[in-house]
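Scroll down for the structure; my scribbles are underneath it.
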Amino acid sequence: MIAVKKLVKRFGLKTVLRGLNFEVPEGEFVALLGPNGSGKTTFLRILASLSRPTLGEVCVAGYRLPIQASAVRRNLGVVSHLPLLYGDLTAEENLRFYGRMYGVLELSQRINEILELVGLTSRRRDLVRTFSRGMQQRLAIGRAILHDPEVLLFDEPHTGLDQDACDMLDRLLREVAGQGRTVVMTSHDLARVEDLASRFDVLSRGVISASASCSTFTVRRWQADMDRPQTTDHRPSSIVHRRSSGFLNAIGAIVWKDLAAELRSRELLSAMLVFALLVILIFNFALELDPLTRRVATPGILWATFAFAGTLGLNRSMAVEKDRGCLDGLLLAPVDRSAIYFGKTLSNLAFMLIVEVVVLPVYSVLYNTNLFNPGLIVVILLGSVGYVAVGTLLSSMAVQTRTRDVLLPILLFPVVIPILIAAVKASSGFLQGLALTEVMPYINLLIVYDVIFTAVAYMVFDYVVEE
Amino acid sequence: MIAVKKLVKRFGLKTVLRGLNFEVPEGEFVALLGPNGSGKTTFLRILASLSRPTLGEVCVAGYRLPIQASAVRRNLGVVSHLPLLYGDLTAEENLRFYGRMYGVLELSQRINEILELVGLTSRRRDLVRTFSRGMQQRLAIGRAILHDPEVLLFDEPHTGLDQDACDMLDRLLREVAGQGRTVVMTSHDLARVEDLASRFDVLSRGVISASASCSTFTVRRWQADMDRPQTTDHRPSSIVHRRSSGFLNAIGAIVWKDLAAELRSRELLSAMLVFALLVILIFNFALELDPLTRRVATPGILWATFAFAGTLGLNRSMAVEKDRGCLDGLLLAPVDRSAIYFGKTLSNLAFMLIVEVVVLPVYSVLYNTNLFNPGLIVVILLGSVGYVAVGTLLSSMAVQTRTRDVLLPILLFPVVIPILIAAVKASSGFLQGLALTEVMPYINLLIVYDVIFTAVAYMVFDYVVEE
Amino acid sequence: MKPQPIILKVLNVISVLLFLAALGMVFLYAPLEATMNYVQKIFYFHIANAWVGMLGFIAAAVAGVVYLIKHDQKWDIIELAAVEISLVFFLIAIAAGSIWARPSWGAYWTWEPRLTTAAILEMVYISYLLLRQGIDDPDRRARFSAVYTLVGAISIPITFMSIRLFRTIHPVVIGTNSAASQGSFDMTSKMLATMFFALFTFSVIFVNLFWHRIRLGQLAQQVEQLKLEELQ
Amino acid sequence: MKPQPIILKVLNVISVLLFLAALGMVFLYAPLEATMNYVQKIFYFHIANAWVGMLGFIAAAVAGVVYLIKHDQKWDIIELAAVEISLVFFLIAIAAGSIWARPSWGAYWTWEPRLTTAAILEMVYISYLLLRQGIDDPDRRARFSAVYTLVGAISIPITFMSIRLFRTIHPVVIGTNSAASQGSFDMTSKMLATMFFALFTFSVIFVNLFWHRIRLGQLAQQVEQLKLEELQ
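Residue numbers (the numbering used here), protein chains in the order written: chain A, 87 to 553; chain B, 87 to 553; chain C, 6 to 237; chain D, 6 to 237.
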């Protein structure tokens with residue numbers, strides 16, 4: 087089911103895996119032991135299609151990586167020490183989101199089954215943020231088997247759990263693994279896995295340095311099977327109906343997820359709005375706007391406000407994905423990476439537009455100027471699209487750096503200057519009632535920018551998220 | 087040496103420690119075992135004076151916590167799973183900084199001894215950022231024993247180390263502990279500590295649930311003593327000369343550390359400067375500054391630029407302290423918390439002033455206006471002091487929140503509006519050559535603000551850093 | 006949760022009665038103002054709301070200081086209650102002020118010291134709520150909130166002073182008539198009586214609401230407690 | 006590190022000779038311009054530096070694209086070399102342009118499209134360096150740098166267009182004389198020859214420096230490699 091030959095992985099000059107060979111037959115549970123820093127996580131990330139092998143062959147579930155990554159992802163479930171769950175969604179909503187990303191059919195019924203299995207039916211409507219670490223980890227396992235994958239990868243799933251939670255997790259792991267799935271689980275602690283695995287491989291200095299099978303396993307396994315007679319070694323492959331999750335479907339799922347989470351926490355929108363109002367306040371006192379200057383300066387103030395508030399929103403929106411490992415969760419889904427890009431872009435655009443829709447009337451009242459102008463609406467839409475198209479790309483980069491606190495505006499502002507110029511000019515053209523012919527060059531520039539940068543971001547987004 | 091009676095610790099409604107009793111005689115090495123989440127780290131943080139006990143008595147090194155925290159800190163060395171070291175300083179500079187914070191006399195000689203002991207003499211001039219995890223952990227132990235403390239606390243020091251590094255660390259721990267020091271070390275792994283400790287206590291559900299002494303220890307310990315005849319159980323207390331680290335001394339050490347690190351990495355200043363220039367660029371295009379408007383708008387643009395670039399710098403400056411646990415390192419030093427506040431404030435002020443010194447001439451050239459005016463310099467100094475005084479306080483708060491990416495400007499801007507107003511008015515007064523009597527009200531307002539907020543921040547900073 | 010104590014129930018009734026009486030005084034007892042006509046009636050509510058907002062603002066700062074001294078979660082609940090009440094009443098005061106100012110200023114908004122300071126105060130309190138939202142550990146949340154209330158409480162008067170230095174065209178209500186063009190008017194003694202009665206009424210309403218909000222906070226804490234116990 | 010190959014050594018010599026020759030042409034061969042006098046000499050260096058900056062800019066973008074296709078660290082080194090050279094030469098071009106423009110514009114700086122675009126390009130490249138500094142993993146650093154070079158390369162022409170639409174008073178050097186008041190001048194054929202010779206010289210210097218910088222990058226990589234081996 088898993089076959090790895092002469093796998094080499096280098097990070098720059100540092101070689102982590104040095105010609106590793108590894109094989110797991112169908113239905114076996116292999117524990118991958120090794121001290122911290124031995125490359126277990128790197129190896130598992132390669133199996134999970136999250137990281138590219140430098141050299142060597144990797145086959146998972148009958149498909150080759152990285153070429154057939156999408157097919158592998160369809161048949162793969164991953165549990166890491168991060169939960170890969172959204173804190174501001176309920177247990178049920180998290181499962182629903184991932185179910186849509188994997189194209190699971192009859193999803194509601196499947197979610198009920200999973201919640202029953204992981205013992206969280208009574209907490210289904212509670213936010214994952216309020217869950218204990220153990221409950222989160224159980225739900226993470228539920229997420230991993232939601233689409234009924236053939237192969238399961240567990241990366242130190244016991245990290246941070248107390249004894250009771252560990253025991254509960256072990257019971258669940260045994261149950262999940264007992265359904266004829268192929269399982270690889272890493273651990274730095276032999277005691278943790280000896281009841282579970284049928285084979286132990288030791289990863290050391292970048293190769294499998296030892297391997298041992300556990301004879302007692304078969305007995306235990308057999309007993310476990312007796313308890314649940316419906317499962318067999320060759321499990322029926324049609325328990326869960328899946329269709330290939332469509333491009334638009336995945337985009338829709340991501341946007342729905344972002345909006346649902348924001349509707350509940352409102353932390354991103356309220357932060358952007360408060361910041362936007364503060365920027366306007368600061369402009370007011372900094373520029374001492376008398377009515378005449380104000381008329382000229384209004385478009386500039388508006389766009390500077392949108393630009394500053396926008397970076398705040400982009401930063402937070404991506405930080406949410408990164409902090410709890412959710413970005414990995416998205417990347418594990420069998421959808422095109424560009425669907426992730428477009429999904430995030432659309433939700434960022436939605437946040438930006440909501441902020442603009444609130445800021446415009448507030449500004450109108452505060453400065454006693456009428457900003458309701460259909461031309462202005464078009465400019466704001468075009469400008470926001472371009473800003474968010476580049477901003478989403480660059481914020482996915484910024485959030486993966488050490489200096490993520492400060493990097494986004496520094497990366498973003500120099501390249502969005504043309505948008506800001508064109509948007510300011512076009513806005514002031516409409517507000518001053520200029521002829522359409524005078525405004526059109528700027529509108530055209532905005533359209534050109536939007537089209538070019540959406541296309542470029544679409545093409546390079548892969549490189550930003552894939553290792 | 088350590089005596090804890092009926093210790094209770096609650097976080098809000100959640101009780102972590104439930105009447106814990108714990109005693110360690112002088113010179114003993116106690117291993118504190120317990121599963122993840124059992125409260126080991128919380129307990130050690132209380133012993134380390136980093137967290138306040140809710141109820142109960144805690145005595146460390148003969149002093150009571152939290153009343154005699156400063157005396158405890160003088161006699162305490164802590165190693166946690168975070169290195170508490172600055173990546174942009176060399177090994178030697180890190181030790182020098184902490185030595186100054188602890189008031190170690192004959193520091194250079196002591197640093198040489200320590201580097202020798204932890205085997206890093208050859209790497210003394212390399213940045214800690216380039217060290218492997220194991221080297222960092224060894225240096226962290228060097229940092230902990232630099233001031234020759236009587237009590238050592240180790241919080242899972244093996245986390246994230248590979249086998250070789252663990253072995254090396256064990257040798258070092260044995261050597262360090264063998265000098266008659268009292269040691270408490272937490273672990274979730276018995277195998278890890280059985281060679282080291284003379285007693286094992288198990289922490290479970292908030293109390294010590296079991297305790298066992300290791301009979302073989304005495305023999306081993308005796309052998310270890312034979313190897314190094316100079317150490318005795320009652321070690322001479324005068325190996326390292328210390329004086330009480332003065333208030334100004336500690337401030338100086340912090341400022342020196344920040345400037346030295348920044349001089350090397352230049353990442354904070356360059357980020358602030360680039361951002362400042364970008365803000366000016368955006369203003370230029372947003373406001374379409376013709377020469378007349380420009381004259382009026384200059385002070386406003388300058389101050390808005392300083393305010394925006396300032397939040398970036400404050401954010402990064404505090405994130406550096408927080409990310410590698412260095413804030414804990416500062417808090418462990420036997421100096422008043424307000425020394426930490428003033429030290430950070432002074433270095434933030436230095437960064438802000440450097441940025442302003444660069445921005446002013448650049449702005450002068452770009453807009454062909456003369457900004458060299460002694461009055462303006464005074465205003466900039468006064469404004470920056472107030473801004474940084476509040477900003478340092480609020481950024482120490484913001485960095486400890488979940489939404490740290492976005493929170494600082496939102497917290498800071500509403501309360502610094504009076505500074506911005508007064509600074510803009512005073513600046514434009516000086517630039518337009520108004521009479522001093524017209525400008526003075528604003529200068530006075532700035533001074534009042536600076537004095538009041540420095541005093542308030544001084545008084546409340548304790549509450550921001552202490553748990 | 007204990008049932009409402011008798012005094013609170015009595016206070017509920019008194020609050021409603023006082024509010025009705027105040028309404029009656031404003032619309033029936035107080036004379037119509039000459040230039041602004043019925044719009045001037047808003048003035049009473051504007052003043053009363055601003056007054057209550059101020060009370061809440063001060064209560065929050067005091068609760069913050071007490072929390073920092075006592076480290077008792079109770080004062081955090083009180084502080085949050087005061088902030089929320091202050092937030093709502095200041096918002097009403099600002100809205101009422103805008104409507105009242107519309108005829109005299111020709112715009113819903115002017116950058117006038119009191120109005121602007123109230124708006125900035127609203128920002129401080131919204132930032133306060135965002136700060137609370139960003140912290141999960143209740144102890145730290147309470148500590149940071151208290152510190153921020155304190156910083157806000159000190160900054161607001163300075164903000165007011167600085168904006169006042171900056172510009173001022175707010176109607177000077179009680180005093181000379183010189184600023185008539187800017188929306189001031191003569192207070193008759195009946196108007197004055199109505200105003201003070203409104204202030205008194207809203208103070209009682211404030212105490213009543215404050216009490217209710219604190220009870221709500223305690224209830225929320227108990228719910229949290231129960232959830233936690235269920236978890237363990 | 007291998008010693009410098011023969012071609013590189015020859016190139017070193019040629020670069021120096023060409024540079025001396027260009028100096029000679031600028032100061033001895035090219036005629037003095039009537040209104041601006043010696044200040045106009047700067048023009049040749051301004052143009053040549055801007056040209057080399059442009060070459061480096063294009064080289065960086067190409068190297069970025071190739072890196073994204075091949076994932077070979079070599080192209081990252083080339084990209085960084087091109088960016089650094091471009092950064093320095095554009096900076097010189099901007100400074101030279103400012104000095105040259107001083108007499109005709111009456112200021113060191115005008116918000117003129119070419120100058121402003123060059124300044125924004127500098128910002129893009131400084132941001133590029135800050136991005137690199139913030140990433141420790143060399144693979145990710147190379148990937149992100151390549152993406153950012155690409156984004157920058159596409160944005161810069163659009164920036165130029167938008168600023169051009171926004172305002173323009175840059176001297177139109179070759180062409181009509183209508184914009185004389187804005188600092189343009191008539192190019193004599195000798196001047197033209199000098200300009201082209203300067204362009205050629207600086208192109209050779211660019212190739213030479215580029216080569217040296219790439220070798221330096223490789224050297225740095227080897228040092229890193231050695232340190233890593235020592236660690237293990």
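Beta carbons: idealized from backbone N, C-alpha and C, even for Gly.
These numbers come from a predicted model, not from an experiment.
Scanning Met128(D), Ala68(D) and Phe50(D) for the CA closest to the CA of Ala98(D) turns up Phe50(D). With contacts defined by Cβ atoms closer than 7 Å, Val90(A) and Phe108(A) form a contacting pair. With its beta carbon at least 7 Å from every one in chain C, Val550(A) lies outside the interface.
For Leu531(A), the CB contacts under 6 Å within the same chain, skipping 5 residues up- and downstream, are Ala508 in chain order. Inter-residue distance for Val21(D) and Ala53(D) is about 15 Å (C-alpha atoms, whole angstroms). Using beta-carbon distances, Tyr113(D) counts as an interface residue toward chain B, with a partner under 7 Å.
When beta bridges are read from the DSSP output, Glu109(A) appears opposite Ala89(A). In the DSSP assignment, Asp241(B) falls within the beta strand (DSSP E) that extends over Val237 to Asp241. Bridge pairing for Leu532(A): absent [DSSP]. For Gln226(C), not one C-beta of chain A is nearer than 7 Å to its own C-beta. Note on geometry: alpha-carbon atoms of Thr523(B) and Leu498(B) lie some 30 Å from one another. By the Cβ neighbour-count rule, Tyr43(D) is exposed, with fewer than 16 other Cβ atoms within 10 Å of its own. Per the Cβ contact rule, the segment 116–136 of chain D is in contact with the segment 349–362 of chain B (3 or more Cβ pairs under 8 Å). When C-beta distances to chain B are compared with 9 Å, the residues of the segment 224–251 of chain A below that value are His244, Thr245, Gly246, Leu247, Asp248, Gln249, Asp250 and Ala251, in chain order. At a cut-off of 7 Å, the C-beta of Leu135(D) has a neighbouring C-beta in chain B.
Per the Cβ contact rule, the segment 157–172 of chain B is not in contact with the segment 383–397 of chain B (fewer than 3 Cβ pairs under 8 Å).
Secondary structure remark: continuous alpha helix (DSSP H) runs of at least 4 residues inside the segment 61–141 of chain C, in chain order: 78–110 and 118–138. No Cβ of chain A is located within less than 7 Å of the beta carbon of Gln223(D). When DSSP states are grouped into helix, strand and coil, Lys195(D) belongs to the helix group. Residue ranges of uninterrupted beta strand (DSSP E) with 3 or more members, entirely inside the segment 132–201 of chain B and ordered along the chain, are 141–146, 149–151 and 162–165. Proximity to Asn335(B) across Val382(B), Leu238(B) and Ala425(B) peaks at Ala425(B), based on C-alpha coordinates.
Ile131(D) reaches chain B at Ser356 and Val360, counting residues in chain order whose Cβ is nearer than 8 Å.
Within the segment 490–536 of chain A, the runs of alpha helix (DSSP H) at least 4 residues long that lie entirely inside it are, in chain order, 490–517.
The three-state reading of DSSP puts Asp212(A) in coil, since its state is none of H, G, I, E or B. Less than 7 Å separates the beta-carbon of Leu457(A) from that of Leu446(A).
Residues of the same chain with a CB within less than 8 Å of the CB of Trp56(C), apart from the 5 flanking positions on each side, are Leu204, Phe207 and Ser208 in chain order. Look at Lys126(B) here: in three-state DSSP terms it is helix. The Cβ-Cβ distance between Arg219(A) and Gly246(A) falls below 7 Å.
Distance from the CA atom of Val15(C) to the CA atom of Pro143(C), rounded to whole angstroms, is 34 Å. Here the alpha carbon of Arg257(A) sits roughly 57 Å from the alpha carbon of Val464(A). Residues of the segment 373–393 of chain B whose Cβ lies closer than 8 Å to any Cβ of chain A, in chain order: Leu373, Glu374, Thr379, Val382, Ala383, Pro385, Gly386, Ile387, Trp389, Ala390 and Ala393.
For Ala106(C), the closest alpha carbon among the candidates Phe171(C), Gly29(C), Phe48(C) and Lys232(C) is that of Phe48(C). Judged by their CB atoms, Arg285(A) and Val116(A) are nearer to each other than the 7 Å cut-off.
Taking a beta-carbon distance threshold of 7 Å, Arg148(C) counts as an interface residue toward chain B. Counting C-beta atoms within 10 angstroms of its own C-beta, Phe201(C) has fewer than 16 neighbours from the protein chains shown and is therefore classed as exposed. Between the C-alpha atoms of Ile294(B) and Gly142(B) there is a straight-line separation of about 15 Å.
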